[in-house]
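In my numbering, the protein residues as written are 1028 to 1166. Don't be surprised by glycine CBs; every beta carbon is placed ideally from N, CA and C.
Here it is as structure tokens:
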């Protein structure tokens, strides 16, 4: 057994990833079938499914760049869901959300750059030896 139970931790994470992947394979075809039955609000439900898929992909990501791409898709799909009612108030709120999200993701990318500079890797294991500034910018 490895130090600090890392073998058990990796087994538990691996099993949870397999369970989540199986859930996705069974739930998304049924979601698409339901979408075909509601033609009026198809765009809303498609955006909601994109948000759901990207959140699951963010949870399953194994490196910092994959997580960034997933967070960017989450931000864009959330923006589209915010402005969906097409009212002036929701448009301004969505625009502010988009600016704040892009600013936060810029700090995230600067932190990823610092991690890559220090470790020459984009894996999550590189965070263990990354400088404190990088970890502060990422989290």
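Look at the Cβ atom of residue i, then the Cβ atom of residue j, and state whether they are nearer than 8 Å.
{"i": "residue 1102", "j": "residue 1132", "result": "yes"}
{"i": "residue 1095", "j": "residue 1106", "result": "no"}
{"i": "residue 1078", "j": "residue 1117", "result": "no"}
Using a Cβ-Cβ cutoff of less than 6 Å, which residues in the same chain neighbour residue i once the five nearest sequence positions on both sides are dropped?
{"i": "residue 1108", "result": "1074"}
{"i": "residue 1029", "result": "Reliability of the predicted coordinates at residue 1029 is poor, the pLDDT of 46 falling under 50, and the value obtained from them is presented with this limitation in mind. Cβ within range, chain order: n/a, list empty."}
{"i": "residue 1092", "result": "1149"}
{"i": "residue 1121", "result": "1106, 1109 and 1110"}
{"i": "residue 1147", "result": "none"}
Just to check my reading of the structure: residue i and residue j have Cβ atoms closer than 8 Å, yes? What is that Cβ distance to the nearest angstrom?
{"i": "residue 1134", "j": "residue 1164", "result": "5 Å"}
{"i": "residue 1161", "j": "residue 1138", "result": "5 Å"}
{"i": "residue 1136", "j": "residue 1090", "result": "14 Å between Cβ atoms; not a contact."}
For residue i, which residues in the same chain have their Cβ closer than 7 Å to its Cβ, ignoring the five residues on either side in sequence?
{"i": "residue 1158", "result": "1141 and 1145"}
{"i": "residue 1097", "result": "1081, 1084, 1085 and 1088"}
{"i": "residue 1099", "result": "1132"}
{"i": "residue 1143", "result": "1149"}
Looking only at its own chain, which residues have a Cβ that is under 8 Å from the Cβ of residue i, when we skip the five neighbours before and after it?
{"i": "residue 1151", "result": "1089, 1090 and 1091"}
{"i": "residue 1111", "result": "1070, 1071, 1074 and 1117"}
{"i": "residue 1129", "result": "1102"}
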